[in-house]
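Accompanying notes for the structure given below.
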Amino acid sequence: NPVRWSRPLRPLFIINFPDGKQIRRAFRNIRRTIPDIMNVLVLFTLSVLMFALLALKLFYRRNMKYQYGDSYFSNYFDSVWDLYVLVTTSNNPDVMMPAYDK
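Oh and the sequence shown: position 3 is 115 in this note's numbering, straight run, nothing missing.
Next up, the structure:
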């Protein structure tokens, strides 16, 4: 089987061809806005990390369990993930219900 190197490079070909003027402009605009957005992303990440540590200290020893049996805020990485899920509101009630029920 020969390795086809052109397939992974297709996005670069689209950008560099003359017909890709709009795509180049969009990438340039994204590249220009990244420094402004990074401040917000860093603040968001730091706040989630800080409040995950606070939640771990508050809820670790209360022996609360999710509906499916896993322990609630059992380690730091689970706390970060649970708060990320809570912020994105994808499964908002699933994260807060064990504490609400107590």
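Backbone N, C-alpha and C define an ideal beta-carbon position, used for all residues, glycine too.
Using 8 Å as the cut-off, can you tell me whether the segment 183 to 192 makes contact with the segment 157 to 175, which would need three or more C-beta pairs spanning the two stretches below that distance? yes
Quick check: the Cα distance between Y212 and P205, rounded to an integer number of angstroms? 9 Å
So what does DSSP say about S183, is it helix, strand or coil? strand
Within the continuous alpha helix (DSSP H) that includes T200, where are the two ends? 188 to 200
What alpha helix (DSSP H) runs, 4 residues minimum, are completely inside the segment 138 to 182? none
For L121, does the three-state DSSP call read helix, strand or coil? coil
Where does R116 fall in DSSP's three states? coil
Do V192 and L161 count as a contact pair if the criterion is CB distance below 8 Å? yes
By a C-beta neighbour count over all protein chains shown, 10 Å radius and 16 as the cutoff for buried, is V115 buried or exposed? exposed
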